[in-house]
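Residue numbers (the numbering used here): 56 to 261.
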């Protein structure tokens, strides 16, 4: 009985047992705090990459290369020197899949000009954005050219339209450290940035 009483009153290992119980919660709290900072940093990177991508898209080669070379005056029967209407240019959406870029006419519109896409221009854009947010690929990026009312048919110095150019991100995920325990990823919110088209040609942006 004396031995049993002594064992029941022995607390020499209590601290170690309590620490073992609390340790997983402390580790989870630590990694959770780090993940909050990493997530905020990822948001900042994604936003800056999108802004830089828009700047790159308007100052370098157009991804919608068919639009750049098309003359609405010569081939589209638009009077020389007049503004191309929204009906004649409803907009173009350019995406990349499997390493190849493609452009489609914006929903609800009919594009009578070539929808040729430059994969090289798209990959150059993706490479520039990935310098700011590593991990981005061309498949994460969408470039949209929308009617702005700027430009004129038969412009000898560039595309007949000076579209609003929007660069946006899609399917971008954040993998927290805690996903090693619980699994899953966090989707980043939608990022988009718009600038008016400039020269639409060249291989570098200032």
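Virtual Cβ for every residue (Gly too), placed ideally from N, Cα, C.
Separation of the CB atoms of residue 213 and residue 139 is rounded to 13 Å, and the pair is thereby denied contact status at 8 Å. In the three-state reduction of the DSSP assignment, residue 229 falls in the strand class, which pools E and B.
At the C-beta level, residue 203 and residue 221 stay beyond 8 Å of one another. C-alpha of residue 258 to C-alpha of residue 79: approximately 52 Å in a straight line.
Unbroken beta strand (DSSP E) stretches of 3 residues or longer found wholly inside the region 128-185: 147-152 and 155-160, given in chain order.
Approximately 38 Å separates the beta-carbon atoms of residue 239 and residue 117; this is outside 8 Å, ruling out the contact. Taken atom to atom, the span from the alpha-carbon of residue 195 to that of residue 227 is near 7 Å. The alpha-carbon of residue 95 is positioned some 10 Å away from that of residue 101. In the DSSP assignment, residue 248 falls outside any alpha helix (DSSP H) and within the unbroken beta strand (DSSP E) covering 247-251.
Of all C-beta pairs linking the region 149-169 to the region 124-139, three or more are shorter than 8 Å, placing the two stretches in contact. Non-local beta-carbon contacts of residue 218 in its own chain, meaning distances under 6 Å to residues more than five positions away in sequence, involve 200, 201, 203 and 252 in chain order. Assigned with DSSP and collapsed to three states, residue 200 falls in strand.
Here DSSP, grouped into helix, strand and coil, assigns residue 258 to coil. In this chain, the beta strand (DSSP E) harbouring residue 223 covers 219-224. Considering only 159, 187, 151 and 164, the residue with the shortest C-alpha distance to residue 176 is 151. When secondary structure is reduced to three states using DSSP, residue 210 falls in the coil class, being assigned neither helix nor strand.
Residue 241 has 229 as its beta-bridge partners, per DSSP. Taking the Cα positions, residue 89 is about 22 Å away from residue 76.
For residue 122, the enclosing alpha helix (DSSP H) has its first and last residue at 120-124.
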